[in-house]
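Residue numbers (our numbering), protein chains in the order written: chain A, 1 to 709; chain B, 1001 to 1165; chain C, 2001 to 2284.
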Amino acid sequence: MRINTRKIRTDGKEKIRGENKYLEDLEFKNLYYARTLRSEVSRGIIKEIIYPEIPENYYIVDKNDIYRNEVKMVEVDMPIFAKDQVNYIGEPISLIVGQNKDVIIDIINNTKVIYEELPSVYSMEEAKANNVTIIEKENNEFVSHEFSTGDISSLNNCEIFDGVYETTYQEQLYMEKQGAVGDYKDGELIVYGSMQCPYYVKNALMHATGYNEINTRVIQTDTGGAFGGKEEYPSLMACQVAAATLKIKNPVRLIFDRREDIMYTTKRHPSKTYIKSYVKNNKIVGIDIDISLDAGPYIGLSDVVLQRALFTLNGAYQIENANIKGTVYATNNVFTGAFRGFGAPQSMFALEQHFNQVANKLKIDPFEFKKSHFVKQGQKTVTNGVYVEKIKLDEIADKLEKLSDYKNKMKLLDTEDYYYGIGVSFVPHGGGFTGDGEAEHIKAKVKLKKNKNNTVEILIANVEMGQGAKTALPKIVASVIDINLEDVIYNNPDTKYVPDSGPTVASRTTMVVGRLLYKAAEKVKERFNEEEFIIEENFKAPDYLVWDPETFQGNAYMSYSWSGNVAEVLVDKITYDVTVKNIYGVYDVGYPIDIKLVEGQIHGGIIQGMGMGMMENMTSKNGKIEQNNFEAYSVPTIKDMPHMEFDLVINEYDDGPYGAKGVGELTLVGIPPAIASAIENAVNKEFFKVPVTPEYILEVKEYADRNQI
Amino acid sequence: MQIEIKFNLNGEDVSIMTDPVRRLLDVLREDFKLTGVKEGCSEGECGACVVFVNDILVNSCMVPMANVINKKVMSIEGFKQTKEFEVIEKGFLEAGAVQCGFCTPGMIMATENLLRNISNPSVEEIKEGLSGNICRCTGYQTIIEAVQLTVKDGGELWKSNLTSL
Amino acid sequence: MEVKSYIPIDLEDCLGELGNENYWLFAGGTDLMIRKRQWHGASRKFVRPVMFINDLKELNGIESDDDYIYIKACNSLAEVYENDEAPEILKKAIVSMANPEIRNMATIGGNVANAAKVGDTLPVLFLLDARVELRSKNEKRIRKISDFIKGKYQTDLRKGELLYQIIIPKKEYDINMFYKVGSRQGDTLSKLSVSCTMNIENNFVNDFRVAFGAINNKSIRDRYIEEKLINKSVSEAEGLIYTVLNGYQDLLYGDNDKRSTKRYREETAIKILHKFLKEALNEK
């Protein structure tokens, strides 16, 4: 087959028929259920846990049942079960395990935990104030980074603009809840789960149990959406069910109730970004940025999230002088983590919103203002890396202007009932891990197995989670070898059989793993007449990639995808309800492996970005998430969907398969600022945080002082 | 309290001993292994668990077994045997309206319900008809296209039905 | 944790048994199944026995005579919506509620007897001067809905009693408005709602009604304020718009909570009413 042949999704039919199996659909013989006993206080010392009498064949699994009570992520600061102290509401203390859910619930309801409560920190401001120290680091700072380009102190005679931009929690709200099943068979520890990163889970399991490479096995089950939510969290759950299954030597299933899932699993980091810009001749020539992220009580992936937030802070623009700073703070809120975009939605919202506001203050059309700053090939990033590939931002802008009819739309007026507004954003998104991450940390390895019957099997650890990996990757292999798509096999990864091709994150699956498969497939093609063999391919960093992980200097990414977005909104003059009428997007994702899959990522990203921009208002009160179900936490329904149109700019990336770059995250990142800018344009006021809810518009429009909000 | 509850499931008369407070969803999934019926939100907001009870589309996570006594229940497992299903399936495949798949069986059932009521729905009517089904992946546009393709390909299957809510 | 369940064969059986134990009455289940949840797949947490009344014939069906429409408690919201005689403003409220699947199950009696702050039929039934008929083994009482609903999740339902039907006076309303503000365009609970009707004849306002939902714990209806406009000429009424708005302003006590803010609820409700009044009085 040829790569540009349109193919129906390989997993479509069984999903439509409800025949594929998610974790909860699988049957296990003699299965035990587990439910988590959780902390009810945000910070406290556990003085005593008084369990009721535990019936026969029911078990308590806790910190004493695990070899190393640490969840191995980047660091190991989070326990699998609370040790002597709890640090957030909902922190797991133990699992109650048994075969009848009613009995388990009864045990939990009749358990009393006695705490000596300690003072808590519920916001980044409180963390900074440092009246209460909750971690063994100065100022409740987990980590802080600062770097610069050019020399901002040399600027003089500039007009100065500044603003503080905020984003709140966002919940992934994958349709399938988090879950893991632990099993123990013939000396082998097996964990099944809904996950993005089988090898993260395997490594965490080995660390926690002391089991080794050979007798630890992780099997990904069909995953009903993830969006980053199943990047690091499954490691925690896997370690918990491992402890349980090793204790009782029977399969143990931990699947969260939806309310638990919403309240206690990782979410997008709340952020606060201070931006000060220096303007000369209607151009931003310098920028000073300081980002803060709320990590909750454990660092998890937060340092990496912060780095991604920082590394693209020049956005789509050439800014010669920049000082970039970022800090991750500890709080006693729920701990936060990966979510589509991974730091970029926060920092790009701040930057784009700031550009919009500066343009308006300078009385320049934001579209033109942003265009006049576009970065070009050969220029430098904020980390002093060089943009080596072609940058087609001008083409994106031209197409976007035509597609959206921006110039004419700008002239549209309010109606009797609605304020009309239009907003624009341009954002980059780096594909793959930052800096030398792919080469030094991930070291992806893929295998292709040529079978006697002339089928070819993809052996990788990356997962299908809805994004279409099971279609895109086989398409690459089939088209390189020139066989039918049906003759490429790609099963859910089982670490017993697949090499570590890295996690299914960071818009890297098609770009990085797909490229390795492409190269492997070329070798398979050469030897196709041989009966049976395996080709292995390892990641090698491209020569142009220069990166110093100590100083954050060099190419933060191998390649960038780009987007331009226009949003049109109507704001109800009475209720301030916002209706997004149209979203137009133009994307440079290199080359689209499958246009339908790209379309799916575009539409889905837009709608999730719209949720972040104006609807999904998740708040934490005294350390507790206030919206715990599908009603209170309002994600867009089909009725909220705007008209969406998109176009692509083809810009093949030499080190991507067929020129493909990342697409999954990019599509979300530009939407919140486009919508927020459109609302600014509609009501003629400035907005500094998302989501821009009707309540917030009311405050800004009628009680103008933004410091009060 | 366990009682005997009889009902018709996907065309077959069945009977179970169970608590009448138990959710139809749990009975379908656990007792009859009909795992095409998914639990998403478990509060009637997401539509992943919808089934027909006496031809009325309901969230099976909200239905106690007492309310299905002597009634006709049809889940995706029953519906996928029909001609209507085949046309809807084709529409969803062609439009690329499936991603993670968790909401999909529910979307299919809601589409059938919509077309039973309105055989040639407008975009607004499609939106209203599917407003109880949350999809977090697709952004919905391809789902609307799927319904439109279904109508184009086999709309006459649903004609002659009356319009209602 | 399984509790006793009772599935009555008819209304008489139901009322007879109701006197014996303190039952949870279970109709469509769309609220109880959530409120009593503990863990998916585990039993609901009913500490009291449960009686299932959804399918009782006597509690289903809609009837009417010259003066009233009688909606039996276990009609689903969809059934009320599809009924030709149901008041237009009630239909507007119903179609704004939840989603098609829930409307197929949720009953109007459940929405009333549950007495949730956000129940959208409540303000409309207040506006329509609806009454509820309550039945027990030996007694039948009729109460004004505004007396029956006492507060958030609080009603005047006595032990052994059941909400039998909702009785709505038949009346034509020239202008009907049900305006709901939620957090999204479909499948949402009210942050606030404003229901208004007005009848104007020969340039005189001869009826005017307003009810606010989801702001205070109990729906707001105030005949005293409504009467300020009744029997006034349209131009006189126009001059009284601010008097009316100020009157309601004093009655609104919204909350800051996970869905909205006190200020937003109160101010938006007043603005919606203001717009309604301007349009209703100008158009005629």
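From the three backbone atoms N, C-alpha and C, an ideal C-beta is built for every residue, glycine too.
- Pairing residue 2028 of chain C with residue 2107 of chain C gives a Cβ-Cβ distance under 9 angstroms.
- Close partners of residue 1026 of chain B in chain C (Cβ separation under 7 angstroms): 2041.
- In this structure the segment 374-383 of chain A lies against the segment 546-558 of chain A, because at least three pairs of beta carbons, one per stretch, are closer than 8 angstroms.
- Closer than 9 angstroms to the CB of residue 2078 of chain C there is at least one CB belonging to chain B.
- In the structure shown, the three-state DSSP call for residue 13 of chain A is helix.
- For the segment 2180-2203 of chain C, the residues whose beta carbon sits under 7 angstroms from a beta carbon of chain A are, in order, 2181, 2183, 2184, 2185, 2186, 2187, 2188, 2189.
- Cβ-Cβ distances below 7 angstroms link residue 420 of chain A to 412, 413, 414, 570, 682 in the same chain, with the five nearest sequence neighbours on each side left out; the list follows chain order.
- Across the set C/2078, C/2139, C/2100, the C-alpha of C/2078 shows the shortest separation from the C-alpha of residue 2109 of chain C.
- Excluding five sequence positions before and after residue 2226 of chain C, the CB atoms of its chain that fall closer than 7 angstroms to its own CB belong to 2208, 2209, 2210, given in chain order.
- By the C-beta criterion, the segment 2192-2209 of chain C is judged to be in contact with the segment 2258-2278 of chain C, since at least 3 inter-stretch pairs fall below 8 angstroms.
- Counting of Cβ neighbours within 10 angstroms places residue 700 of chain A among the buried residues, the total reaching 16 or more.
- Under the three-state reduction of DSSP, residue 620 of chain A is assigned to strand.
- For residue 268 of chain A, no Cβ of chain C is located within less than 9 angstroms of the residue's own Cβ.
- At the C-beta level, residue 180 of chain A and residue 66 of chain A stay beyond 9 angstroms of one another.
- From the beta-carbon of residue 1092 of chain B, the residues of chain A found nearer than 8 angstroms are 12, 16.
- When DSSP states are grouped into helix, strand and coil, residue 222 of chain A belongs to the strand group.
- The distance from the Cβ of residue 1113 of chain B to that of residue 1091 of chain B is about 15 angstroms, inconsistent with a contact at the 8 angstroms cut-off.
- Straight across, the Cα-Cα distance linking residue 2036 of chain C with residue 2253 of chain C is about 28 angstroms.
- For residue 1107 of chain B, the closest Cβ of chain C is not nearer than 9 angstroms.
- For residue 369 of chain A, the enclosing alpha helix (DSSP H) begins and ends at 366-371.
- Within the segment 597-609 of chain A, those residues whose Cβ lies closer than 8 angstroms to any Cβ of chain B are, in chain order, 597, 599, 600, 602, 603, 604, 605, 606, 607, 608.
- Per the Cβ contact rule, the segment 285-298 of chain A is not in contact with the segment 197-217 of chain A (fewer than 3 Cβ pairs under 8 angstroms).
- The segment 359-376 of chain A makes no contact with the segment 119-129 of chain A; the number of CB pairs closer than 8 angstroms stays below 3.
- Taken in chain order, the whole alpha helix (DSSP H) runs of length 4 or more contained in the segment 184-219 of chain A are 198-209.
- A residue is called buried when at least 16 other Cβ atoms come within 10 angstroms of its Cβ; residue 377 of chain A does not meet this threshold and is exposed.
- At a C-beta separation below 8 angstroms, residue 2146 of chain C has no neighbours in chain B, since its nearest C-beta there lies roughly 28 angstroms away.
- By a beta-carbon distance limit of 8 angstroms, residue 675 of chain A contacts residue 610 of chain A. Their separation comes to about 6 angstroms.
- Within chain C, the residues 2038, 2039, 2040, 2041, 2042, 2043 have their CB atoms less than 9 angstroms from the CB of residue 101 of chain A, given in chain order.
- Interface annotation for the segment 687-700 of chain A against chain C: 694, 695, 698, criterion Cβ-Cβ distance under 7 angstroms.
- Contact annotation: residue 608 of chain A and residue 671 of chain A have beta-carbon atoms nearer than 9 angstroms.
- Taking 9 angstroms as the cut-off, the Cβ atoms of residue 2066 of chain C and residue 2170 of chain C count as close.
- Contact between residue 513 of chain A and residue 223 of chain A does not hold, since their C-beta atoms are separated by about 16 angstroms, which reaches or exceeds 8 angstroms.
- Proximity to residue 649 of chain A across A/655, A/660, A/642 peaks at A/660, based on C-alpha coordinates.
- For residue 2261 of chain C, the chain A residues whose C-beta falls within less than 7 angstroms of its own C-beta are 695, listed in chain order.
- By the rule that beta-carbons nearer than 9 angstroms mark a contact, residue 1102 of chain B touches chain A.
- At a cut-off of 3 residues, the continuous stretches assigned as beta strand (DSSP E) that sit fully inside the segment 569-617 of chain A are 578-588.
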